[in-house]
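Student: Quick one: the structure is below, questions incoming.
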Amino acid sequence: MVVGDIEVGTDVLIAGAGPAGYTAAIRCARLGLDVTLIDRNELGGVCLHKGCIPVKALLHVFRLVEDCRRAADMGVKADGVAVDLKKAYEWKDAVVKRLEHGIRELCQASGVQVMEGSCSFLSSSKAVVSGPSGTQRVTFRRAVIATGARHKPLPGLPFDGKSVLSPDDAIYLDRLPDDVVILGGGYAAITIGALMAAGGMKPTIIHKGERMLSFVDRDLIRPVIKKFGEKGVKVFQASSWSVERMDDGLRVEFEHDGVKEQAETKTLVVAIGMLANTDGMGLENTGVRLDGDGFVMADENFRTDDPAFYAIGDVKCGHCNASIAFWEGMSLAGILAGRPGWPGYMAVPQTISTDPEIASAGYTEEKAKEAGIEAIVGRFPFTANGKAVSMGKAEGFVKVIAEKGTHRILGVHVVGPGAFDILQEGVLAIEMGARLEDIMLTLHPHPTLCEAVKEACAAALRESTSIIEKS
């Protein structure tokens with residue numbers, strides 16, 4: 001593509017190359033559409049460069065050290081094991097680079113035209129892309145907005161990358177601070193808290209609301225809070241807070257259980273919400289409608305108020321996860337190619353990299369009650385799972401929610417070792433309308449962590465022979 005004043009055309013212009021955008025681009029191209037994918041940063045979006053992947057890479061390093069240190073009881077001599085932070089960061093960066101290269105190769109092999117730069121819309125059929133090579137005008141028949149979202153700063157206290165950090169900034173620190181205060185109680189705040197705790201830090205987490213991680217089953221939180229305490233992490237539920245800059249740092253004042261408290265820190269991580277990445281895109285020149293935080297208003301088929309525009313991923317809701325983004329990219333590509341959209345999903349897997357891990361899908365016990373569903377509950381502890389005990393990681397449990405009359409599985413919730421991978425059996429069961437008996441009567445390999453799902457289903461039916469049932 002020649003850069004300059006020459007105007008080029010494309011069937012589909014996709015602004016944003018995160019999980020939603022690049023997935024849509026690749027499938028659109030494979031379905032015969034001419035596609036131009038635009039992003040001002042590297043391919044892969046926040047998930048690859050500032051979220052899921054770098055966090056998991058660093059956690060893997062930190063937890064290898066944790067495992068070595070607590071393996072003395074198993075006969076492992078690992079005196080002096082420590083993290084070389086510089087090499088750990090090099091490992092994380094190498095992982096990210098390798099995966100980004102893979103996305104780029106997929107786009108190239110599929111025939112996706114990739115442009116580096118910022119996209120601004122001039123109308124409902126024209127855009128201008130400004131990048132390192134200059135400016136390029138692009139005409140299009142349809143456009144997809146997939147530019148994602150960014151963390152919201154505190155009013156009057158912008159992120160500076162030094163003392164006031166977003167969660168994205170926090171994973172690129174060149175040091176491990178002695179004192180860190182994290183504001184927030186959602187996914188990002190708790191993930192960063194767990195990452196820092198795994199790295200040997202003792203952050204203070206201050207969150208508003210009744211409890212942290214309010215979107216998962218409340219029973220899953222207790223083992224995490226306990227582990228935080230064992231690692232020296234303080235967690236406060238605050239009814240209010242305020243932040244003041246001082247000469248040598250910041251002071252956070254908050255009210256906890258009716259008592260006014262304060263915490264002083266040189267490093268503050270703010271994870272209190274999201275803003276859409278739609279500013280500066282020229283959407284006022286189109287018929288696309290935004291809400292107060294800049295998020296794109298779109299229907300269940302990703303259509304906006306402008307017939308030429310669609311939106312997928314975080315830019316239309318602010319709290320999608322990568323699983324949803326991939327799904328939306330695939331579904332929209334089919335729609336743009338003239339195929340029917342994919343049927344809606346029933347279960348959204350939610351995973352949080354705490355210690356122990358949390359993974360959740362479907363109805364919680366609380367949500368089932370609110371919906372008027374008469375449910376039965378099965379719970380199986382990892383203390384009764386041979387694989388977990390042999391690993392020395394027997395904290396947590398699997399909890400299954402099912403409809404009482406039909407035994408149809410409505411929710412599966414895991415806190416414990418390997419929770420992310422264990423959950424998938426539950427997600428599939430919910431999507432397929434499986435009953436408790438379907439899982440209970442399916443042979444599971446032994447000894448494995450996934451046997452806990454089978455045993456939780458059996459416990460709901462009072463058929464588990466691996467635990468003592470309460471009368």
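The numbering of the sequence shown is the UniProt record's numbering, which starts it at 1 and goes up by one. All C-beta atoms, glycine included, are put in the ideal place defined by N, C-alpha and C. Since we're looking at a predicted model, the values are computed, not measured.
Quick one: Cα of Met330 to Cα of His60, how far?
Tutor: Position 330 of the sequence shown, counting from 1, holds the residue named residue 330. Position 60 of the sequence shown, counting from 1, holds the residue named residue 60. Computed Cα separation, rounded: 30 Å.
Student: If you follow the beta strand (DSSP E) that Val65 is part of, which residue opens it and which one closes it?
Tutor: To locate residue 65, count along the sequence shown from 1; it is residue 65. Counting along the chain, Val65 falls outside any beta strand (DSSP E), though it belongs to the alpha helix (DSSP H) covering Cys52 to Arg69.
Student: Taking C-alpha atoms, which residue in Ala368, Pro445 and Asp355 lies nearest to Ala198?
Tutor: Taking the first residue of the sequence shown as position 1, residue 198 is located at position 198. The candidate whose alpha carbon is nearest that of Ala198 is Asp355.
Student: Rounded to the nearest angstrom, what separates Val252 and Tyr172 at their Cα positions?
Tutor: Counting from one through the sequence shown, the residue named residue 252 turns up at place 252. Counting from one through the sequence shown, the residue named residue 172 turns up at place 172. If you take the alpha carbons of Val252 and Tyr172, they lie about 23 Å apart.
Student: Going by DSSP, what residues sit across from Phe309 in a beta bridge?
Tutor: For this step, residue 309 is matched to residue 309 along the sequence shown. DSSP lists Ala143 as partners of Phe309.
Student: Once the 5 residues before and after Leu461 are set aside, which same chain residues still bring their CB inside 6 Å of it?
Tutor: Numbered from 1 along the sequence shown, position 461 holds the residue referred to as residue 461. Result list for Leu461: Leu436, in chain order.
Student: For Lys50, which option in Arg150, Cys320, Lys162 and Ser240 has the closest C-alpha, if you only look at C-alpha atoms?
Tutor: Within the sequence shown, numbered from 1, the residue matching residue 50 stands at position 50. The shortest C-alpha separation from Lys50 is found at Arg150.
Student: Quick one: is Glu230 buried, meaning 16 or more other Cβ sit within 10 Å of its Cβ, or exposed?
Tutor: In the sequence shown, residue 230 corresponds to position 230, counting from 1. Its Cβ having fewer than 16 others within 10 Å, Glu230 is exposed.
Student: Can you name the start and end residues of the alpha helix (DSSP H) that Met330 belongs to?
Tutor: In the sequence shown, residue 330 corresponds to position 330, counting from 1. Note, Met330: alpha helix (DSSP H), Ala322 to Leu336.
Student: Which same chain residues, not among the five before or five after Val224, have their C-beta less than 6 Å away from its C-beta?
Tutor: Along the sequence shown, read from residue 1 onward, the residue named residue 224 stands at position 224. Cβ neighbours of Val224 beyond the five flanking positions: Thr354.
Student: Give every residue of the same chain whose Cβ lies closer than 6 Å to the Cβ of Gly44, excluding the five residues on either side of it in the sequence, and list them in chain order.
Tutor: Position 44 of the sequence shown, counted from the start, is the residue given in the question as residue 44. Here the set comprises Glu100 and Ile103.
Student: Only counting runs of 3 or more residues, tell me where the beta strand (DSSP E) segments fall wholly within the segment 370-426, in order along the chain.
Tutor: Here the runs fully enclosed are 375-381, 397-403 and 409-415.
Student: Quick check on this structure: which residue in Thr278, Phe309 and Val389 has the alpha carbon closest to the alpha carbon of Ile335?
Tutor: Along the sequence shown, one-based indexing puts residue 335 at 335. The option with the nearest alpha carbon to Ile335 is Phe309.
Student: Taking the DSSP output, what are the residues bridged to Thr135?
Tutor: The count along the sequence shown starts at 1 and reaches residue 135 at position 135. Partner(s): Ser130.
Student: Would you call the CB atoms of Gly411 and Lys367 closer than 9 Å?
Tutor: As a first step, residue 411 is located in the sequence shown; it is residue number 411 there, counting from the start. As a first step, residue 367 is located in the sequence shown; it is residue number 367 there, counting from the start. Yes; because the gap between Cβ atoms is below 9 Å, this pair is in contact.
Student: Who are the Cβ neighbours of Phe236 in its own chain at under 6 Å, not counting the five residues just before and after it?
Tutor: One-based indexing of the sequence shown puts residue 236 at position 236. Excluding residues within five positions, the ones whose Cβ falls inside 6 Å are Ile206 and His256.
Student: Going by the CB atoms, is the gap between Val144 and Leu332 shorter than 9 Å?
Tutor: Here the question's residue 332 lines up with position 332 in the sequence shown. Here the question's residue 144 lines up with position 144 in the sequence shown. Taking 9 Å as the Cβ cut-off, Leu332 and Val144 qualify as a contacting pair.
Student: For Asp34, name the three-state secondary structure that DSSP assigns.
Tutor: Sequence index remark: in the sequence shown, residue 34 carries index 34 (1-based). If DSSP states are grouped into helix, strand and coil, Asp34 belongs with coil.
Student: Considering only residues of the segment 192-227, which uninterrupted beta strand (DSSP E) runs meet the minimum length of 3 residues and lie entirely inside it, listed in chain order?
Tutor: Entirely contained in the segment 192-227, the beta strand (DSSP E) runs reaching 3 residues are, in chain order, 204-207.
Student: Under 8 Å: do the segment 395-415 and the segment 355-364 share three or more Cβ pairs, one atom per stretch?
Tutor: Yes: at least three Cβ pairs fall under 8 Å.
Student: For the alpha helix (DSSP H) holding Asp438, just list the boundary residues, first then last.
Tutor: Taking the first residue of the sequence shown as 1, we reach residue 438 at position 438. First-last of the alpha helix (DSSP H) with Asp438: Leu436 to Met440.
Student: What did DSSP end up calling Glu7 once you bin it into helix, strand or coil?
Tutor: As a first step, residue 7 must be located in the sequence shown, where it is residue number 7. Note: Glu7 maps to strand in three-state DSSP.
Student: What is the rounded straight-line gap between the Cα of Val35 and the Cα of Ala337?
Tutor: Indexing the sequence shown from 1 puts residue 35 at position 35. Indexing the sequence shown from 1 puts residue 337 at position 337. Taking the straight line joining both Cα atoms gives about 11 Å.
Student: Name the residue from Phe397, Val377, Ala238 and Ile26 whose alpha carbon lies nearest to the alpha carbon of Thr383.
Tutor: If you number the sequence shown from 1, residue 383 lands on position 383. Ranking Phe397, Val377, Ala238 and Ile26 by Cα distance to Thr383 puts Phe397 first.
Student: Beta-carbon separation of Ala25 and Cys107 under 9 Å?
Tutor: Taking the sequence shown and counting its residues from 1, one reaches residue 25 at position 25. Taking the sequence shown and counting its residues from 1, one reaches residue 107 at position 107. Cβ distance < 9 Å, so Ala25 and Cys107 count as in contact.
Student: For Lys399, count neighbouring C-beta atoms within 10 Å of its own C-beta (all shown protein chains included) and say buried if the count is 16 or more, exposed if not.
Tutor: Your numbering for residue 399 matches position 399 in the sequence shown. It counts as buried.
Student: Should the segment 206-221 be regarded as contacting the segment 67-85, the criterion being three or more beta carbon pairs within less than 8 Å?
Tutor: No, the segment 206-221 is not in contact with the segment 67-85.
Student: Identify the residues that DSSP records as bridge partners of residue 535: which are they?
Tutor: Residue numbering for the chain in the displayed model covers 1 to 471; residue 535 lies beyond these limits and cannot be assessed.
Student: Using a threshold of 8 Å, is the CB atom of Trp342 nearer than that to any non-hydrogen atom of the ligand GDP?
Tutor: Summarising the ligand content, the structure contains no ligands, and the ligand GDP is consequently not present.
Student: Name, in chain order, the residues that DSSP records as bridge partners for Cys119.
Tutor: Your numbering for residue 119 matches position 119 in the sequence shown. Val129.
Student: Can you say whether Ala298 is buried or exposed, counting buried as having 16 or more other CB atoms within 10 angstroms of its CB?
Tutor: Within the sequence shown, the letter at position 298 stands for residue 298. Buried.
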